[in-house]
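Each position in the sequence shown, counted from 1, maps to that position plus 8 in this note's numbering.
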Amino acid sequence: MLREECTEVTQFNKELGTLLNNMAETMYHNDGAGLAAPQIGVTQRIFLIDVSHDNSALTEFINPKIISAEGSYVYEEGCLSIPSYREKVKRSQKVTVEAQDRKGEVFHFQGEDVAAVAIQHELDHLNGVLFIDHLSRIKKELFKTWWKKQSA
Ligand code: CO
9 MLREECTEVT
19 QFNKELGTLL
29 NNMAETMYHN
39 DGAGLAAPQI
49 GVTQRIFLID
59 VSHDNSALTE
69 FINPKIISAE
79 GSYVYEEGCL
89 SIPSYREKVK
99 RSQKVTVEAQ
109 DRKGEVFHFQ
119 GEDVAAVAIQ
129 HELDHLNGVL
139 FIDHLSRIKK
149 ELFKTWWKKQ
159 SA
């Protein structure tokens, strides 16, 4: 499921609201800075982020597209779908996203540093991409070894 390409959201209804509420609850419960719908088994183009320290900056992105990206930024990432593994990934430092909110209204959002990382990480999930896919060949091998040990 985590490797699937997610589909566009076309219905901005009550069910979508319920799904978004459940996603926020799951993200906060796991102390995550972001969560994408496929992580809870829903293969639709939805993610949310909150990179604040007090759960005060929840932003919901539906059918998101990065419309500009600049700079580079290295951050040690983790993922709720790959528990207790963290590794540094290089991404854009600043991104501007166009997305829809839960009512279907189009909005623009600019994220820098950790917010830019969270956006790029979560948007990857909608295309079946995980942060480990961005690692160097050597780090990927180290990850595979580590993962086999975890699941043994
Ligand atoms: Co993730």
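The beta carbon of each residue, even a glycine, is placed where N, CA and C say it ideally should be.
Burial state of residue i (16 or more Cβ within 10 Å)
i	result
Glu84	exposed
His37	exposed
Arg145	exposed
Gln52	buried
Gly79	exposed
Glu16	exposed
Arg99	buried
Expected contact under 8 Å - CB spacing of residue i and residue j to nearest Å
i	j	result
Gly112	Phe55	Not a contact, Cβ separation roughly 16 Å.
Proximity of residue i and residue j at Cβ, strictly below 7 Å
i	j	result
Phe117	Val125	no
Ala32	Leu88	no
Met9	Gly40	no
Ile74	Val103	yes
Ile70	Ala107	yes
Phe115	Asp109	yes
Ala44	Leu134	yes
Original post:
Do the stretch 40 to 59 and the stretch 129 to 147 touch if we need at least three Cβ pairs shorter than 8 Å?
Top reply: yes
Subject >> Runs of beta strand (DSSP E) wholly within the stretch 26 to 111 (minimum 3 residues, chain order) >> reply: 42 to 44, 54 to 57, 67 to 78, 81 to 87, 90 to 99, 102 to 108
Subject >> Segment contact flag, the stretch 147 to 159 with the stretch 21 to 29, C-beta cutoff 8 Å, min 3 pairs >> reply: Segments in contact, no.
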